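Scroll down for the structure; my scribbles are underneath it.
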Amino acid sequence: MEHQTIKLDYLLHLADNSMILGQRNAEWCGHGPILEQDIALTNISLDLFGEARNLYNYIAKLKGGNTTEDSVAFLRDVLEYRNLLLVEQPNIDWAYTIVRQFFFDVFHFYQMTALCQSNDEHIRSIAIKSLKECTYHLKWSSEWVIRLGDGTEVSHQKIKTALEDLWDYTSELFTPSETETKAVELGFGADIFLIKPLWEQKVKDILTEATLEYPETKYTQNGGKTGLHSEQLGFILAEMQFLQRAYPGAEW
Amino acid sequence: MNQKEWPLWEVFIRSKQGLNHKHVGSLHAVDYDMAIENARDVYTRRMEGVSIWVIESNQIHTSEPNDQVALFESANQKIYKHPTFYNLPEELNHTMWEVFIQSKQGLNHKHVGSLYAVDVDMAIETARDGYTRSIEGVSIWVVQSNQIHANEPDEQDALFEPAQDKTYRHPTFYILPLELNHM
């Protein structure tokens, strides 16, 4: 793969993670367990969309021609998406939503920290901006993990189940795709091998505080980074892309 | 299902230009950490704040609405009074209280300072003496100082900076269709 192709693929990976998780969180809009948390989660969703937009814009700029942020975001099919399987998993309940967010936030925080050192000026400036938001997201989801884990018997059981279920998707965070490996070699990507011990430590610390056990890895699910997604992504895209597909170029 | 409500918290925000923490509203949260987070998300989305205080609503004591006239009118007459602060011996069990004054009906309660008192009644009395002579107050709130929970200063960046460039949250961001101008 040539340099430009690797960079575009890497940018898609970053942008798709944020957009798909943002879309998932947006499903909570108007359905949050309490008004304050409804707003909190939609704020996070908007932060993620903001980051994704910056990245899609950069992709459009690199590609040139008729490419726009919207065409990159809305006019690709499942196999062309590069997001982690974790972020496309359904909301199910508040515990699943929190655990998914927490796993991603820890990763995202260290990933953006690393990308503040990227040799690509655009990536660097996007990471600097996102890092402030990620810092808050991580605090927010950590506090929730602690409160659900160390809360009532019911909340403990619910988050324990979510933790064990979603754990299968965390190994993908640290299984590098060819693109990620090359992106590190070329100096613009984040090295996930360096992030791994930091992620594990932070997750351990919070789970301990939450009186939850650090799960064991039984099965691992991989493929999102190279376009092999769970059936979930198709449903997300169907909803998200409907308007642009039905009314091409629609604006509001 | 357990229908227990989360406790209610009052939120006070200090804006960039403001010197005082002002009451902005209330919200529900399980504890003060979450109350601060919720306050950030609900009340500082448009760059309103640089500092947040939260106080559990039931910790706030208010001057009796019926006493309002007596409380404030008497102060008007005692023009010989001057704000005097004295250090009291610790043995007296004085605790520190924060005072919030609503200077006019319809305005929000604003933090004006603190004082020492042994109980609520004394705190309200002392607040009346110390803080309502120059400010035409209609309502006093007092709360024990240790009931105020503030955001950590090192969290300021993560709490407030992301709102800076979210211009889409401002009403001026939206360009309305021309037809709407005729409304």
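Protein chains in written order, with the numbering used here: chain A, 54 to 305; chain B, 44 to 226.
Even for Gly, the Cβ is constructed at its ideal location relative to N, Cα and C.
Predicted, not measured: the structure shown is a model, and the values here were computed from it.
Reducing DSSP to helix, strand and coil, say where residue i ends up.
i              : result
Y267 (chain A) : coil
Q187 (chain B) : strand
E89 (chain A)  : helix
Y111 (chain A) : helix
S283 (chain A) : coil
Q254 (chain A) : helix
A303 (chain A) : coil
T273 (chain A) : coil
V163 (chain B) : helix
F143 (chain B) : strand
G156 (chain B) : strand
V65 (chain B)  : Val is not the amino acid found at residue 65 (chain B); the sequence shown has Lys there. Reduced to three states, the DSSP call for K65 (chain B) is strand.
I59 (chain A)  : helix
A72 (chain B)  : coil
A193 (chain B) : strand
T87 (chain B)  : coil
H84 (chain A)  : coil
T234 (chain A) : helix
T138 (chain B) : strand
T105 (chain B) : strand
S182 (chain B) : strand
K278 (chain A) : helix
N119 (chain A) : coil
H213 (chain B) : coil
Q60 (chain B)  : coil
S171 (chain A) : coil
Q207 (chain B) : coil
F241 (chain A) : coil
E168 (chain B) : helix
Y174 (chain B) : helix
N144 (chain A) : coil
D130 (chain A) : coil
I need the boundaries of the alpha helix (DSSP H) containing residue i, first residue and last residue.
i              : result
T150 (chain A) : 147-168
V140 (chain A) : 138-141
E91 (chain B)  : No alpha helix (DSSP H) holds E91 (chain B); DSSP gives it neither H nor E.
W220 (chain A) : 206-220
F227 (chain A) : F227 (chain A) -> no alpha helix (DSSP H), and no H or E assigned at all.
Q148 (chain B) : Premise fails: Q148 (chain B) is in no alpha helix (DSSP H) and is neither H nor E.
A201 (chain B) : 199-203
Could you tell me which chain B residues have their CB closer than 7 Å to the CB of residue i, listed as they occur along the chain?
i              : result
K185 (chain A) : D200, A201, E204, P205
T188 (chain A) : A201
R200 (chain A) : V73
D100 (chain A) : P205
Residues in its own chain within less than 8 Å of residue i by CB, not counting five upstream and five downstream?
i              : result
H71 (chain B)  : E48, W49, P50, L51, W52, N81
I145 (chain A) : A215
L61 (chain A)  : I112, L115, K116
Y228 (chain B) : There is no way to answer for residue 228 (chain B), as the model of chain B reaches only from 44 to 226.
D130 (chain A) : L290
T121 (chain A) : A113
L138 (chain A) : Y222, E225, Q274, N275, G276, G277, H282, S283
In terms of residue numbering, what span does the beta strand (DSSP E) encompassing residue i cover?
i              : result
F127 (chain A) : Not the beta strand (DSSP E): F127 (chain A) falls in the alpha helix (DSSP H), residues 122-127.
E174 (chain A) : E174 (chain A) -> not in any beta strand (DSSP E); alpha helix (DSSP H) instead, spanning 174-202.
E53 (chain B)  : 51-57
W96 (chain B)  : 94-99
Report all residues from its chain with a CB closer than 6 Å to the CB of residue i; omit the five preceding and five following residues, and keep chain order.
i              : result
Q190 (chain B) : I98, Q102
A201 (chain B) : none
W96 (chain B)  : F55, H64, I191, A193
A105 (chain A) : A68, S71, M72
M293 (chain A) : Q76
A14 (chain B)  : One cannot answer for residue 14 (chain B) here, as it falls past the ends of chain B, which runs 44 to 226.
F241 (chain A) : S171, N172, D173, I176
F127 (chain A) : Q294, Q297
Please list the partners that residue i has in chain A, where partner means a Cβ-to-Cβ separation under 7 Å.
i             : result
M77 (chain B) : E196
Please list, in chain order, all residues of the same chain as residue i whose beta carbon is under 7 Å from its beta carbon, the five residues on each side excluded.
i              : result
R88 (chain B)  : A206, R212
A215 (chain A) : A148, Y149, V152
G280 (chain A) : L132, E133, Y134, R135
Y300 (chain A) : none
P229 (chain A) : I245
V125 (chain A) : Y109, I112, A113
L158 (chain B) : W140, V142, A166, T169, A170, G173
At a threshold of 7 Å, does residue i count as lining the ligand ZN (C-beta to nearest heavy atom)?
i             : result
V54 (chain B) : The ligand ZN is absent from the structure shown, which contains no ligand whatsoever.
Which residues in chain A have a C-beta closer than 8 Å to the C-beta of residue i? List them in chain order.
i             : result
E80 (chain B) : A93, K192, W193, E196
Anything in chain B within Cβ reach of residue i, meaning under 8 Å, just list it in chain order.
i              : result
E89 (chain A)  : L70, H71, A72, N81, D84, V85
N96 (chain A)  : D84, R88
D218 (chain A) : Correct list: empty, because the minimum Cβ distance to chain B is about 23 Å.
The stretch 150-161 of chain A contacting the stretch 193-203 of chain A, beta-carbon criterion three pairs below 8 Å: yes
Are three or more beta carbon pairs between the stretch 174-190 of chain A and the stretch 101-117 of chain A nearer than 8 Å? yes
Under 8 Å, with one C-beta from each stretch per pair, do the stretch 199-210 of chain A and the stretch 165-177 of chain A reach the 3-pair mark? no
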